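In the numbering used here, the protein residues as written are 12 to 327.
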Amino acid sequence: MEEIYLDKNENPFNVPEKVKKEFINYAKDADFNRYPEKGLPSLIKKLAGLTGFSSENIIAANGSDELLDILIRRAEGDIVVSSPTFEMYSFYARNYGHKAIDVPLRSDFSLDVNGILAQKDAKLVVICSPNNPTGNLIDRESIKKILDSGVTTILDNAYYEFSGEDYTDLIAKYSNLIILRTFSKAFSLAGMRIGYGIAESKFISEIKKLQAPFYMNILSAKMAEIMIDNYSLIVEKIKYIVEERERVYNEIKDIAYPSSANFLLLKKDLYGYMEENGIHIRKLPLVKDRSRLTIGTKDENKRAIEAIKKYVMEKF
Ligand code: PMP
C-alpha cells in the first residue's frame with residue numbers, strides 16, 4: 012500500500028517542468044561564492060508587481076514563519092490569538108516571553124471581536140484567514156473593527172490563493188495592518204522557504220531593520236522570481252485544488268466543515284484510522300475530536316474519500 016501525505020497542507024504538485032528548467036539553468040552558472048544582493052531588490056520588485064503594490068510596501072522572508080518570528084519578537088507585550096489556529100503564533104510568543112492571550116473563535120469559527128477588543132494590554136493581534144485548521148475566512152467587518160482600535164494586527168493570509176478573498180485594499184486605510192503570504196502552498200515551494208509581507212511603507216521599513224541583510228539564499232530568491240514570471244501555470248493548479256476541495260467536501264460533508272483553503276477540518280479525530288490505511292493526515296493535539304485533511308491529487312483524494320466513507324459506514 013502506497014503511503015500518501017495529506018498532513019501538511021502542501022501542494023500535491025511539484026513545480027512545473029518549465030520552471031524547473033529555468034531554475035536549473037540559473038543554478039548552473041550561479042555565483043555561489045557571493046552573498047545575495049542586499050535586500051534582494053529584484054525579488055521585491057517582482058513581488059510588488061505580483062501584488063500591485065510598490066517595493067516599499069513589501070518585505071520578503073525565509074518563509075512567512077520568519078515574519079511571524081520578527082513581528083512577535085518586536086511586540087512589546089501580550090499578543091492575542093484565536094484558537095483553534097496556527098500553533099506557531101503561541102510558539103513564538105512563548106519563545107520571546109510574551110503572554111499569548113487566547114480569545115477562542117466562536118462555535119461557528121467567527122472572530123470574537125468584542126472579546127479581542129476587551130484585551131486592553133494587547134500589543135499585537137494575530138488573525139488567520141482562511142484560518143488553519145478550521146478553513147473558514149474571517150469576515151472583513153470583524154477585521155476592520157479590530158484595526159479601528161489601532162492595535163498592530165497580523166493578517167496571516169497563507170492560504171490566500173485558494174480563498175478568492177483579497178484583503179490588501181485595507182492596507183491603504185490601516186497603517187497598523189500587515190498581511191502575510193507564502194510561496195509554500197499555492198506556489199508549490201514549501202521546501203524553498205519563501206514568504207512575504209505587505210504593509211504601509213513605514214511599517215515595512217520598521218520590520219526590515221530587524222531582519223538580517225542576507226535573509227534568503229540566492230536559489231530560493233531566484234526560484235520565487237521564476238515562479239512569479241510563470242504565474243499563469245500556478246493559476247491552473249490553484250483551480251484544480253479548489254475544484255478538488257469542493258468535490259471532496261461534497262463527498263464527505265457529514266464529517267467535514269466547508270473550507271476556503273487547501274484542506275478540510277474533519278469533525279472526528281481520524282488520525283489513527285487513516286494512518287492504518289496509509290494516509291497521513293494531521294492530528295490536532297489541541298483540538299479535541301478533530302483532524303485535518305489536506306487536498307491532494309485526484310487519486311490521493313479518491314483514496315481519502317473511500318477510507319473516510321468506510322469509516323462513516325462502520326462507526327455510525
Ligand atoms: N501561516 C499559516 C496559517 C500556515 O498554515 C503556515 C504553514 N503551515 C504558515 C503560516 C507558514 O508558512 P511558511 O511555510 O511560509 O513559513
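For each residue, glycine too, the CB sits at the ideal point set by N, CA and C. Just so you know, these numbers come straight off a predicted model, no measurement behind them.
- Enumerate, from N- to C-terminal direction, the unbroken alpha helix (DSSP H) stretches of 4 or more residues contained entirely within the segment 55-93. 75-85
- Taking only heavy atoms of the ligand PMP into account, decide whether any of them is closer than 8 Å to the Cβ of G307. no
- alpha helix (DSSP H) segment containing V137, residue limits: Run containing V137: none in the alpha helix (DSSP H); it sits in the beta strand (DSSP E), 133-139.
- Message: Is it buried or exposed, D40, if we count other Cβ atoms within 10 angstroms and call 16 or more buried?
- Response: exposed
- Message: Quick check on the DSSP output: the beta strand (DSSP E) that includes L191 runs from which residue to which?
- Response: 188-193
- Item | Inter-stretch contact at 8 Å, needing at least 3 Cβ pairs: the segment 282-293 / the segment 233-249 | no
- Task: Answer yes or no: the CB of S195 versus the heavy atoms of the ligand PMP, is any distance below 8 Å?
- Result: yes
- Query: Got a sec, what are the start and stop residues for the beta strand (DSSP E) R303 sits in?
  - Reply: 302-305
- Item | C-alpha gap between K278 and F173, whole angstroms | 21 Å
- Item | Of the residues G175, Y185, S93, K31, the one placed nearest V162, counting alpha carbons only | Y185
- Query: Hey, quick one: how far does the alpha helix (DSSP H) through D310 stretch, first residue to last?
  - Reply: 309-326
- Go through its chain and collect everything with a Cβ distance to A201's Cβ below 7 Å, but skip five positions before and after it. E21, S195
- Item | Top-ranked residue by Cα proximity to E33, from T193, M324, I239, V259 | I239
- Query: Does the beta carbon of L58 fall short of 8 Å from some heavy atom of the ligand PMP?
  - Reply: no
- Task: Give the secondary structure of I369 by DSSP, where H, G and I count as helix, E and B as strand, and everything else as coil.
- Result: As displayed, the chain neither begins before 12 nor continues past 327, which places residue 369 out of reach and without an answer.
- Selected residue, minimal CA-CA separation from I209, among D167, K220, S231: D167
- Item | Residue nearest to R85 in terms of C-alpha spacing, selected from R303, E257, K320, K220 | K220
- Message: Can you tell me whether N125 is buried or exposed? The criterion is at least 16 other CB atoms within 10 Å of its CB, across all chains shown.
- Response: exposed
- Query: For I249 versus S231, is the C-beta distance shorter than 9 Å?
  - Reply: no
- Message: On the criterion of 16 or more Cβ atoms from any shown chain inside 10 Å, does N68 qualify as buried, or is it exposed?
- Response: buried
- Message: Following a CB-centred definition, is S302 positioned closer than 8 Å to any heavy atom of the ligand PMP?
- Response: no
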